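Numbering (my numbering), first residue to last: 35 to 89.
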């Protein structure tokens, strides 16, 4: 499955984003932190894919 590495990378980046948000501890609900962390992770994954696709 060729996309497995990208999915795993996105999950790792999303978890890092959630961890940072939990450390900062803004007054948001947990689902908002998870959603924002996932969005940050997917955006970072897309950016990394775009930057490295020509290598």
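Glycine is no exception: its CB is placed at the ideal position from the N, C-alpha and C atoms.
Keep in mind it's a predicted model, so treat the numbers as computed, not measured.
- Residue burial is scored here from C-beta neighbours: residue 57 has fewer than 16 other C-beta atoms within 10 angstroms and is therefore classed as exposed.
- C-alpha of residue 61 to C-alpha of residue 79: approximately 27 Å in a straight line.
- In the DSSP assignment, residue 62 falls outside any alpha helix (DSSP H) and carries neither an H nor an E.
- A Cβ-Cβ separation of about 11 Å leaves residue 42 out of contact with residue 75 under the 8 Å criterion.
- Residue 71 sits away from residue 39, with the two beta carbons spaced by 8 Å or more.
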